[in-house]
Amino acid sequence: MNLDIQSRLALVTGAGRGIGAAIAKELGGEGCVVVVCDKDLEPAQQVAAEIESVGGRAHAVSVDVSDFEATRRCIAEVTGSIGDIDILVNNAGFSLDGPITEMTEEQWDRVVDVCLKGCWAFTREVVPSMIRKKRGRIINIASRAHLGEFNKSNYSAAKAGVIGFTRALSVELGQHDITVNAVAPGLIRTERVLGLRYFDDIDRRAKLSTPIQRPGVPEDIAAAVAFLASERAGFISGETLHVTGGRYSST
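Quick note: the sequence shown uses my numbering, first residue 2, plus one each step.
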């Protein structure tokens, strides 16, 4: 399938590893010029190098998405040196789980700042050029956790906020031919998830909870994002695509 996004400039946050890295590589493989954005520069550089090693074009940048001024500087530098962003993927995420009775203000703020404020900050800085060009794609990575998960009140609230933000922006920006959608992953086999002590057997957990009896892989999410970034998805906006192996329907 030709997605017709060759030479489009795509920026992916949290792209140094996991789902973000897979998204960056997928878009690079489709011919996009990819800005690989991560708080840690070294993994971002590694992902950019992988994209370039197979003939793609990529640039690595370091920024803390929860720092609004840093975000503004990042977008100014990217647009000044490379060009206007056509595709924005707000993927950066962070979790600090715990019961509400023990959750600190720092735990709440840090998760909301990365997952929700960072999404707002990048979008705010990128949208003006999209409005000027009358074209753009914004894809926000949410989570099945927006439905509510045990000991994840901060993360669930932030990801629910991402979906509300997505819906509101789709109404606001549709007149400029800018689509805004969200992708909500389910149980995905990433290094971060495998490192959680309560995911000691991800395959067993997937068989018990997922109609398609396996965990997803980052490339499953990347494929969904690439489609939503394409011209083929030009009449899709304000939607949340649950990539959960059927788990969303069985909830």
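All residues carry an ideal CB built from backbone N, CA and C; glycine is no exception.
Judged by their CB atoms, Ala11 and Asp110 are not nearer to each other than the 8 Å cut-off.
About 7 Å separates the CB atoms of Lys40 and Ser63; that is less than 8 Å, so the two are in contact. Separation of Pro186 and Gly84 (C-alpha to C-alpha, rounded to the nearest whole angstrom) is 30 Å.
Around the CB of Gly235, fewer than 16 other CB atoms lie within 10 Å, so the residue is classed as exposed. For Gly137, the enclosing beta strand (DSSP E) covers residues Gly137 to Ile142.
Restricting attention to beta strand (DSSP E) runs no shorter than 3 residues, the region 5 to 58 encloses them at 10 to 13 and 34 to 39, ordered along the chain.
Beta-bridge pairing by DSSP links Ser63 to Asp39.
Collapsing the DSSP output to three states places Thr180 in a strand. Put simply, of Asn92, Asn141 and Asp5 the residue whose alpha carbon is nearest the alpha carbon of Ser238 is Asn141. Judged by pairs of C-beta atoms under 8 Å, the region 66 to 82 touches the region 121 to 129, as three or more such pairs exist.
Under the rule that a run must span 4 or more residues, the alpha helix (DSSP H) segments found entirely inside the region 78 to 134 read 106 to 113 and 119 to 134. The DSSP-derived three-state label of Pro186 is strand.
In this model, Gln7 and Ser154 are separated by some 40 Å (Cα to Cα). Counting along the chain, the unbroken beta strand (DSSP E) around Thr241 starts and ends at Thr241 to Val244. Leaving aside the five residues that flank Cys33 on each side, the residues in its chain whose CB is nearer than 6 Å to its CB run, in chain order, Ile6, Arg9 and Ala11. The region 215 to 231 makes contact with the region 172 to 189: 3 or more CB pairs, one atom from each, lie closer than 8 Å.
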